[in-house]
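Just below is one structure, and these are the notes that go with it.
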Amino acid sequence: MKRYLSLYLYFVRFSFSKSLEFRMDFTFRILMDTIYYFVNIMFFKVIYLHTPLLAGWNEDQMMVFVAGYLMVDAINMTLFSTNMWYLPFLINKGDLDYYLIRPVSPLFFISLREFSVNSFINFLMTAAFFIYTILQLEGPLQFWNVMLYSALLFNGAILHVTIQMIMILPVFWTQSSRGFVDLFYSMGLAMERPHRIYRGWLRIIFSTILPFALIASYPAKIFLEGLEGKDILITALVTGSFWLLLSLVWKKGLENYSSASS
Amino acid sequence: MKWWTSIISQEIKKILSYRSDFWVTFVGQTAIQLVIARALWSSVFESQGVVSMQGFNLETMTLYYLIAPVGTRILLGESFGFISREIYDGTFTKYLLYPLSFVQYKTLTYLTNSLFYVLQLFIIVMLYRMFFMKAAFEPTMFLNLMAGMALFFIGAVVYLSLGMAVELISLWADNVWSLMVMLRFFTAFLGGGFIPMSFYPEWARRIMYLTPFPYLVSTPIRTIMGDVSGAEVMKCILVMGVWWVIFRVSVHFIWRSGQKRYTGVGQ
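Line by line, the protein sequences are chains A and B.
The numbering used here puts the first sequence at residues 1 to 262.
The numbering used here puts the second sequence at residues 263 to 529.
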């Protein structure tokens, strides 16, 4: 554990010096994510011009949910996104070899090697927005409730990257350059909508098979409406199952890996 | 075979080289966006207890959200970095040796991709009209669809010039893909790709129509849906023409002052 922690600190240190080398790109990326946040906030603001309630939440409550998924996005962009971008290329070009022979978990190495410093600044912005939206809510604030919400959002970020990797890993078989990652990005839209808009089988799908609703919407529900054992149980079970599925796909993928063109 | 036909056929081969990915992504993206948009707007209509809002009922709203993402893909043509990536890694050099300009080459490859998505749009709209709206085949509907597709394609030509102007900034900066992502956000948000223009306040709409984006996204969608008059279509073409000239002139000047900075490093 200690070895992994110190290795990760090296990753972060390298990423800092690399990021600051390309200052214009660094600034553009911060600006890009800021615009993404602005567009997402405005999307709901425009909808609330036409309705006082959406999926049972008023505008202030919806903003808490929006802040939640923006924070999940920022965590993902900071910790995993760049690594996920390179993953299909590592597999296709045979560069994965270099990670398989190292005396550390290849999954740890390939998914955490790059720390995105610019996105970390965006993460701080979303955290500030998160605090602001929570303070806008009526009624007393409970510290433990905020902590639980933050923990569930972090779990959401882990679940997000797990699904993403499961969608990327088919490149072991298809040898394409992207896997089904474009499809994943489209599905990611499901995370950005409150789960109550989905009815019947659709809600079941988005809570289990494609669990995007568990990433930010369920945590927001638990925060805004109170803790229900059932929600926590579903979140824990699905996250665990997806971890198992990821290790299975990874293992099967490695069996199929031909190290072509390395 | 003429040079341009061989470029187009090469590009088509490239698009279809990973068929399983291509079709899974195409069908999956369309289905998922449709389902989410329908769920969202059903919820909005229900919470207000109405069947229509700002001229949209659930069926037409669903159609709108079916067309919007494919339309955006038509505009985007090739993916981000279609020039900047090659400038960055030095492979851009090959265009300087080709017997045609890089602008001609990139225009052909870009528009081949756009044309491919135009065909996808045709299939999607026809299927939706037939199976979900149970609409009888009418010549007007077909004409609207053709006019909308043409507007999207013209929009792709305009967007290509705008994209080129942004991509060429990579002659000065190391990486500009984030600028292209920003451009995509602006296009979808200011063009009515996220929410139909009629849902924005009047003052915001007035500002948005000062940009090219509503003409690139909203007007073609509304044309397909049959909500736009012939005069509006003509106005859209005219406005896009003016923007195209502005962007082309910008590309000309950016390229003229930036080409001396190209080093071809990496090759």
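Backbone N, C-alpha and C fix where the C-beta goes; we use that ideal spot for every residue, glycine too.
With its beta carbon at least 9 angstroms from every one in chain B, residue 168 of chain A lies outside the interface. Against chain B, a Cβ distance below 7 angstroms from residue 197 of chain A picks out 301, 302, 305.
For residue 46 of chain A, at least one C-beta of chain B is nearer than 9 angstroms to its own C-beta.
Residue 21 of chain A has its alpha-carbon roughly 10 angstroms from the corresponding atom of residue 436 of chain B. Close to chain B, meaning a Cβ-Cβ distance shorter than 8 angstroms, are the following residues of the region 19-38 of chain A: 22, 24, 25, 28, 29, 31, 32, 35, 36.
Fully enclosed alpha helix (DSSP H) runs of no fewer than 4 residues occupy 320-338, 346-351, 355-359 of the region 302-360 of chain B, in order along the chain. Chain order gives the chain B residues near residue 187 of chain A as 294, where near means a beta carbon separation below 7 angstroms. For the region 437-461 of chain B, residues whose beta-carbon sits nearer than 8 angstroms to a beta-carbon of chain A comprise 437, 438, 440, 441, 443, 444, 447, 448, 450, 451, 456, 457, 461. Proximity of residue 50 of chain A to chain B, defined by a Cβ-Cβ separation below 9 angstroms, is satisfied. The Cβ of residue 43 of chain A sits closer than 9 angstroms to at least one Cβ of chain B. Residues of the region 94-112 of chain A with a C-beta atom less than 7 angstroms from some C-beta of chain B do not occur. Assigned with DSSP and collapsed to three states, residue 439 of chain B falls in helix. Within the region 309-324 of chain B, contact with chain A at the beta-carbon level (separation under 7 angstroms) is assigned to 309, 310, 315. Cβ-Cβ distances below 7 angstroms link residue 172 of chain A to 91, 253, 256, 257 in the same chain, with the five nearest sequence neighbours on each side left out; the list follows chain order. An exposed status is given to residue 527 of chain B, since fewer than 16 other beta-carbon atoms sit within 10 Å of its beta-carbon. Residue-level contact by beta carbon fails for residue 272 of chain B and chain A, as no gap is shorter than 9 angstroms. Around residue 54 of chain A, the beta-carbon contacts reaching into chain B at under 9 angstroms are 302, 305, 306, 309.
For residue 287 of chain B, the C-beta contacts it makes with chain A under 7 angstroms involve 180, 182, 183, in order along the chain. In the structure shown, residue 54 of chain A falls within a strand segment according to DSSP collapsed to helix, strand and coil. Under the three-state reduction of DSSP output, residue 434 of chain B falls in the coil class, being neither helix nor strand. Close partners of residue 202 of chain A in chain B (Cβ separation under 7 angstroms): 297, 301.
Secondary structure of residue 527 of chain B (DSSP, three-state): coil. Residues of chain B whose Cβ lies closer than 8 angstroms to the Cβ of residue 216 of chain A do not exist, since the nearest Cβ in that chain is about 14 angstroms away. Any Cβ of chain A closer than 9 angstroms to the Cβ of residue 290 of chain B would place that residue at the interface, and such an atom is present. Ranked by how close their Cα comes to the Cα of residue 166 of chain A, the residues A:180, A:155, A:157, A:154 have A:180 in first place. From the beta-carbon of residue 435 of chain B, the residues of chain A found nearer than 7 angstroms are 24, 25.
Residues of chain B with a Cβ closer than 8 angstroms to the Cβ of residue 190 of chain A are, in chain order, 294, 298.
Classified as exposed, residue 276 of chain B has fewer than 16 neighbouring CB atoms from the shown chains inside 10 Å of its CB. Within chain B, the C-beta atoms nearer than 8 angstroms to that of residue 193 of chain A come from 298, 301, 302, in chain order. Assigned with DSSP and collapsed to three states, residue 416 of chain B falls in helix. Approximately 6 angstroms separates the beta-carbon atoms of residue 506 of chain B and residue 423 of chain B; this is inside 8 angstroms, confirming the contact.
From the listed residues B:289, B:327, B:302, B:264, the smallest Cα separation to residue 202 of chain A is found for B:302. Apart from sequence neighbours up to five positions away, the residues of its chain that approach residue 490 of chain B with a beta-carbon distance below 7 angstroms are 481, 484, ordered along the chain.
In chain order, 487 place their CB closer than 8 angstroms to the CB of residue 322 of chain B, counting only its own chain and leaving out the 5 sequence neighbours on each side. Under the Cβ criterion (8 angstroms, minimum of three pairs), the region 132-152 of chain A does not count as touching the region 35-53 of chain A.
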